[in-house]
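K.L.:
Numbering (my numbering), first residue to last: 381 to 887.
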Ligand SMILES: [Zn+2]
């Protein structure tokens with residue numbers, strides 16, 4: 381029996397749960413192979429070799445020599461800029477840029493809360509306004525600067541620009557934003573809606589007048605903004621304007637590089653605000669929260685990002701949030717990082733190689749600081765992926781085929797500690813790989829408790845030939861032939877010891 385027949389039988393005999401998401405649209409051209417190893421920032425040659433790097437996602441190749449160094453190593457590379465702020469020093473030095481910032485209902489600039497420790501001679505870090513011509517030109521200049529060497533792609537950090545200030549911090553209300561919002565309303569709002577909001581005459585309508593009927597200060601506005609008419613339009617306008625600007629920056633990048641470029645944004649796609657830009661991107665590169673302080677128990681937001689990226693048809697390269705890395709650094713929680721790496725690849729996405737010098741950490745107490753991720757702790761996982769590319773490349777989630785654990789109760793008091801299982805297959809009739817990821821994390825010992833004799837069940841029998849060829853692969857052990865037995869029309873496969881991550885290869 382072929383695997384195709386096996387899957388057909390499955391479809392007839394055991395429909396299983398319906399897929400949660402529609403099949404993803406084709407991603408073309410293929411931006412990454414699943415066996416690609418993606419660095420976040422540039423690193424030295426030794427680090428690239430240790431990990432088997434193939435792509436650097438978050439800039440670091442601004443000049444011709446930097447691009448050449450990467451190409452010579454077989455690594456594609458990027459330039460990176462941000463739409464968040466001109467930075468405290470530029471703001472201090474340029475009256476024009478100080479004008480081109482996000483403003484609240486009182487006309488005051490809006491400070492970037494997480495950059496409280498980035499001030500320059502008394503000048504705080506204010507959100508730039510991506511609807512203001514001066515800040516837009518600053519962003520274009522930055523793109524030309526970082527793409528001057530002809531890098532393969534542009535990465536846009538803080539792609540929401542002033543939309544971030546508008547949707548979360550009471551900004552987005554400067555003259556430029558208001559004028560652009562008026563244009564948006566002309567084509568996107570129904571006349572009845574406008575009349576009800578007192579905006580029937582768009583030629584004279586100023587959204588701030590409407591806001592002031594409800595709130596005179598930023599603090600009041602943040603409390604009541606959900607009740608202000610046209611609020612949904614206001615948010616949608618800002619998100620659409622930000623996405624259009626990212627698309628424009630992509631065109632500026634291609635012009636500066638002299639060739640078509642990849643375009644990514646730091647878009648946490650688990651949040652709908654960040655999905656508006658997706659159609660303009662070739663791929664997504666983002667930080668996603670892994671709730672490191674709760675061990676391996678709460679990965680819902682990471683899984684939401686993986687699922688959303690799949691639904692959007694965009695490859696997703698992630699790293700943990702600044703708080704996650706601060707936790708890892710403070711607690712030497714290396715097994716947690718290994719768990720995140722396995723979790724991302726098991727879901728068809730990429731976890732960027734933890735950076736040997738500059739992995740961003742953030743806490744309120746310490747502000748920005750850095751983790752130097754030891755290569756010997758993490759590189760073997762990436763080398764394993766490179767070496768076993770044939771079990772990663774071209775596979776997709778097998779939505780109709782669900783594996784389950786049959787013999788192992790979640791450890792007492794830790795209901796979320798059962799292994800994570802994903803089933804991936806190559807084409808409709810190709811081989812199947814079950815990813816088994818341990819999540820039984822012992823916080824006091826800072827390690828995963830190994831699972832012994834973990835038995836998986838696939839709701840179909842494996843033909844004898846296939847059963848004989850089922851293998852277990854792990855980055856920290858030699859390949860092993862699997863014990864497979866058929867019971868009640870289902871195949872049971874035993875993983876003798878589950879440490880971090882086991883691949884069950886069925887071909
Ligand atoms: Zn503005």
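Cβ coordinates follow ideal geometry from the N, Cα and C atoms, glycine included.
1. What does the alpha-carbon distance come out to for the pair residue 635 and residue 594?
2. To the nearest angstrom, how far is it from the Cα of residue 535 to the Cα of residue 525?
3. Just to check, is the beta-carbon of residue 741 closer than 6 Å to a non-hydrogen atom of ligand 1?
4. Just curious, the alpha helix (DSSP H) that residue 865 is in, first and last residue?
5. Would you mind reading off the limits of the alpha helix (DSSP H) that contains residue 547?
6. Quick one: Cα of residue 461 to Cα of residue 581, how far?
7. From residue 866 to residue 787, what distance separates their C-alpha atoms?
8. Helix, strand or coil, according to DSSP, for residue 721 in the structure here?
9. Taking the beta carbon of residue 806 as the centre, do at least 16 other beta carbons fall within 10 Å, making it buried, or is it exposed?
10. Would you call the CB atoms of residue 775 and residue 738 closer than 7 Å?
11. By the DSSP assignment, the beta strand (DSSP E) with residue 751 in it spans what residues?
12. In chain order, what residues of the same chain lie with their CB nearer than 7 Å to the CB of residue 468, ignoring the 5 residues before and after it?
13. With 16 other CB atoms within 10 Å as the buried threshold, where does residue 417 fall?
14. With residue 649 and residue 689 assumed to form a contact (beta carbons below 8 Å), what rounded beta-carbon distance in angstroms separates them?
15. Note down, in chain order, each residue of its chain lying with its Cβ closer than 6 Å to the Cβ of residue 559, except the 5 sequence neighbours on either side.
16. When every heavy atom of ligand 1 is checked, does at least one fall within less than 6 Å of the C-beta of residue 490?
17. DSSP on residue 880, reduced to helix/strand/coil?
18. Less than 6 Å separating the Cβ of residue 347 from some heavy atom of ligand 1?
19. Would you mind reading off the limits of the beta strand (DSSP E) that contains residue 946?
20. Helix, strand or coil for residue 507? Go by DSSP, reduced to three states.
21. So, is residue 824 buried or exposed, given that buried needs 16 or more other C-beta atoms within 10 angstroms?
22. Residue ranges of each beta strand (DSSP E) run of no fewer than 3 residues wholly in the region 625-655, ordered along the chain?
23. Let's see if you can read the secondary structure: which residues bound the alpha helix (DSSP H) around residue 702?
24. In angstroms, rounded to a whole number, what distance separates the CA positions of residue 392 and residue 687?
25. Taking only three categories from DSSP, how would you classify residue 886?
26. Here's a check: name, in chain order, each residue in its chain whose Cβ is nearer than 7 Å to the Cβ of residue 800, leaving out the five neighbours to either side.
27. Indicate whether the contact test is met: 3 or more Cβ pairs, each with one atom in the region 654-670 and one in the region 564-583, closer than 8 Å.
28. Which class does residue 742 belong to by DSSP, given the choice of helix, strand or coil?
29. Residue 759 and residue 430 - do their beta-carbons sit closer together than 7 Å?
30. Give the straight-line distance between the Cα atoms of residue 528 and residue 450, rounded to the nearest whole angstrom.
31. Use the C-beta contact count for residue 445: other C-beta atoms within 10 angstroms, 16 or more gives buried, fewer gives exposed.
32. Give the straight-line distance between the Cα atoms of residue 887 and residue 849, rounded to the nearest whole angstrom.
33. Closer than 6 Å by C-beta to residue 732: which residues in its own chain qualify, once you throw out the five before and the five after it? Chain order, please.
34. Rounded to the nearest angstrom, what separates residue 543 and residue 619 at their Cα positions?
35. Name, in chain order, the residues that DSSP records as bridge partners for residue 815.
36. Considering only their Cβ atoms, is the gap separating residue 532 from residue 616 smaller than 7 Å?
P.N.:
With the structure as the only source:
1. 46 Å
2. 13 Å
3. no
4. No alpha helix (DSSP H) contains residue 865, which is instead part of the beta strand (DSSP E) from 863-867.
5. 542-548
6. 39 Å
7. 15 Å
8. helix
9. buried
10. no
11. 747-751
12. 498, 499, 500, 503, 504 and 505
13. buried
14. 5 Å
15. none
16. no
17. coil
18. This structure cannot settle anything about residue 347, because the visible part of the chain is limited to 381 through 887.
19. Residue 946 cannot be examined here, being either before or after the span of the chain that is shown, 381 to 887.
20. coil
21. exposed
22. 642-645
23. 702-711
24. Any reading at residue 392 needs caution, since the residue's pLDDT is 34, under 50, leaving its predicted position unreliable; the model's value is listed next. Spanning the two alpha carbons is a distance of roughly 27 Å.
25. strand
26. 723, 726, 817 and 819
27. no
28. strand
29. yes
30. 15 Å
31. exposed
32. 7 Å
33. 418, 420, 697 and 699
34. 6 Å
35. 802 and 883
36. no
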